[in-house]
Amino acid sequence: MPRTLTQKIIDEHLVQGVFASGQEIALTIDQTLTQDATGTLAALEFEALGLERVRTELSVSYVDHNILQADFKNPDDHRFLRSFAARYGLWYSPPGNGICHQLHLLHFGRPGATLLGSDSHTPHGGGLGMLAMGAGGLDVAAAMAGAPFSLPCPKVLGVELTGRLSPWVGAKDVILELLKRLSVKGGVGYVLEYFGPDVATLSVYERAAITNMGAELGATTSIFPSDDNTRAFLADQDRAEVYQPLTADQGCAYDAVERIDLEALEPLAACPSSPDAVRPVSELGGVAVEQVLVGSCGGGSYHDLMILAGALKGKKLAPGVTLGINPGARQALAQIAANGALNDLLEAGVRLHQSGCLGCIGMSQAPATGVASLRTFPRNFPGRSGTKDDQVYLSGPQVAAATALAGHLADPRELGPAPQVPPAPPLHPSALAAPLDDGSGVEVLRGPNIAPFPELDALPEDLSCTVTLKVGDNITTDHIMPAGSQILPLRSNVPAISQFVFADLDEGFATRTQTAAPAVVVGGENYGQGSSREHAALGPRYLGVRAKIVKSFARIHKANLVNFGVVPLVLADPEDYERLDEGQLIQLPGLKKALLGGAEEFEALVDGQPLKLIIQASPREREILALGGRLNYIKSRL
Ligand code: MIC
Ligand code: SF4
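For the sequence shown, the numbering used here assigns the number 14 to the initial residue and increments by one for each residue that follows.
Here you go:
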């Protein structure tokens, strides 16, 4: 049977289950990545497993999110992660070196491998033909320990690309087009696999910009074939030896197909405040913009910076506009410095920042009140910039350049001939520290910011939970566990960070939930979309949330809920959502027994009336839930 590329890589790594949609499968993981904001917990979790060294081909600990050092907290975490990497055999990337996904693509990714990362944009690696997936920190810690990664077997959505991108239209427009068509939940349960003869017109940089933002569709991951462009990219990185050609078999069957005529695409932008609120820039010309930012894992590559520099060369920013650049990697900064593009950018008036996530996760670069900001970042969820009621637009570097020159959202096609991106200078500076041969003598350095991991109790036989919050559709993990420069430094301190759960939506949530516990949160469709942060599951659990009842879940968040013993329940009839309200008591009699007995349907009681719920959990997940979480499950098996 002809196979898709996705199936080929899955078959190669399959240790449990069969390639059939919806079934739980388990895959061996070749490489892992963690970043600091999720990595400190992942490190504590790995330590709890009691191993001497990571058991992967390669694991890297990157520091790129919490890089501001306003007090001791973030530098304490950096020091902890550096010593943890030295102790347990990981590569370490210090702050300022660049963003995990960009660095991983440049320095470590390889076609055909599996990569598990504690960050939702790990699919960036799909640009190199690897199966790169985001997951919670605990899943990544387990993979670092050599455990296979379990997930529902995805379906494969083939995306056929034909034609060639027109001048001033770029990779970001391809993924924005898909977001426009499919919405932020359109990719749930799928791997997006790009195919067609004209895939060959896209460089690895462009492919990675596309697979990166496939995360915004809720997809399990996205992947491109590995071909001559992949070979050239790897050769440029002095890593030609890891190249292997990989494509889908002729005549393979996709579960669904989308077709994109690259030639017909026009410059697009996502409007506030969702990555799928996409419109042609030509229709948005009136919007005044005072802040433009070019950077992030999905929009700060050498290729992105060169497009920007080419468009700005010899010109000046519009009065009143600030244009910040956050190079995705130290290498990209060195390359634009070497070929003169950095000078063109500085002459035009850009503000140069260090390599890192920065404003993408509200670590500085907040826009002023009431001012629209245009960013080449992957996400514009409400308030994520750090400013309340923010107006954040997303686009590629072409639109960013035209907008910075005009002072309002502008169509780059009006700028004249489009710049060509010259080959990257052969420079690969990086501050990566290689693993030690033997780290057993290294002391792991813990500052006061690192609190012990909370103990989680097993699920009781019967539960009665108060609804302490009811929310709507597409709730993001940014809503559940906000980020930003005030809260992010608490990522290693679960009791402290838990006080901020739902803080932007409902300030009283934490106290109310702790008082009413056990508690339940009610939500709509695609609950928990966005980031992989497990704090969005662990924080509520710490406050006493024992179950969530929603219309549907996003994949990573649901897995995180299971990992921390919060029972994910789905309404059998979505209309029942209307019957639920804050303050109600929901009785869940015999829930534990139902879980362990494998029941798919479960009857709860609300106001004495039955409420039909669905338990979508594999036998393994049911056992984890009954024990109160995955760490308890692992300990019970040791
Ligand atoms: C994001 O883009 O939302 C983040 C910040 O990178 C998160 C990880 C985190 O919350 O630490 C993600 O994408 O998983
Ligand atoms: Fe960092 Fe933003 Fe990428 Fe998340 S999306 S990894 S915050 S740059």
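Cβ atoms here follow ideal geometry from the backbone N, Cα and C, with glycine treated the same way.
Given the structure is predicted, the values throughout are model-derived calculations rather than measurements.
Counting only residues of its own chain and dropping the five nearest sequence neighbours on each side, Asp274 has a CB closer than 6 Å to the CB of Thr175, Gly176. In this structure, the CA atom of Pro161 is about 20 Å from the CA atom of Ala232. Ranking Arg100, Glu70, Thr47, Gly52 by CA distance to the CA of Leu64 puts Arg100 first. Ranked by Cα distance from Asp517, the first of Leu62, Val302, Glu219, Pro395 is Pro395. Of the other Cβ atoms in all chains shown, fewer than 16 fall within 10 Å of the Cβ of Leu651; this residue is therefore exposed. Separation of Leu624 and Phe566 (C-alpha to C-alpha, rounded to the nearest whole angstrom) is 18 Å. Shortest gap from the CB of Asp132 to any heavy atom of the ligand MIC: under 6 Å. In the three-state scheme derived from DSSP, where H, G and I count as helix and E and B as strand, Leu449 is classed as coil.
Between the C-alpha atoms of Pro438 and Ser286 there is a straight-line separation of about 37 Å.
The beta carbon of Glu276 is closer than 7 Å to those of Gly176, Arg177, Ser179 in its chain, skipping five residues each way along the sequence. Under the 10 Å beta carbon count, Gly611 is surrounded by fewer than 16 other beta carbons and is classified as exposed.
With three or more CB-CB distances shorter than 8 Å, the segment 46-63 counts as touching the segment 128-138.
DSSP, reduced to helix, strand and coil, places Ala381 outside both helices and strands of the structure shown, so it counts as coil. Shortest Cα-Cα distance from Asp152 to any of Arg568, Cys113, Ala184 involves Arg568.
For the 7 Å CB-CB criterion, Lys185 and Ser34 do not form a contact.
Looking at the DSSP output, Gly102 shares a beta bridge with no other residue. Segment contact: the segment 521-534 against the segment 546-559, three or more CB-CB distances shorter than 8 Å; contact assigned. Around the beta carbon of Ser453, a 10 Å sphere encloses fewer than 16 other beta carbons of the protein chains shown; the residue is thus reported as exposed. Straight through space, the alpha carbons of Thr400 and Leu189 are spaced by roughly 24 Å. Leu81 is the residue among Ile42, Leu81, Asp24, Arg68 whose C-alpha sits nearest the C-alpha of Gly369. Counting only the Cα atoms, Asn645 lies some 23 Å from Val28. Assignment of beta strand (DSSP E) within the segment 522-606, counting only whole runs of 3 or more residues, yields 532-535, 558-563, 580-584, 598-601 in chain order. Between the C-alpha atoms of Ala56 and Ala154 there is a straight-line separation of about 7 Å. Nearest neighbour of Leu440 by Cα position, chosen from Ile349, Ala431, Tyr406, Ser386, turns out to be Ile349.
The C-beta of Gly183 has 16 or more other C-beta atoms within 10 Å across all chains shown, which makes the residue buried. The beta carbons of Gly641 and Leu472 sit closer together than 7 Å.
Fewer than three Cβ pairs drawn from the segment 347-365 and the segment 381-393 lie within less than 8 Å of each other, which leaves the two stretches out of contact. One alpha carbon belongs to Arg546, the other to Ala158, and they sit about 20 Å apart. Contact between the segment 404-411 and the segment 70-80 is not established, with fewer than three Cβ pairs separated by less than 8 Å.
Exclusion of Ala347 from the 6 Å shell around the ligand MIC follows from its C-beta lying no nearer than that to any non-hydrogen atom of the ligand.
By the CB criterion at 7 Å, Ser239 and Pro136 fall outside the cutoff. In the three-state reduction of the DSSP assignment, Leu365 falls in the strand class, which pools E and B. Set against 6 Å, the gap from the CB of Ser309 to the closest heavy atom of the ligand SF4 is smaller. Each residue's CA atom was taken as its position, placing His316 and Asp586 some 48 Å apart. For Gly102, the closest alpha carbon among the candidates Asn462, Ala630, Ala447, Asp589 is that of Ala447. Residues of the same chain with a CB within less than 6 Å of the CB of Glu634, apart from the 5 flanking positions on each side, are Val575 in chain order.
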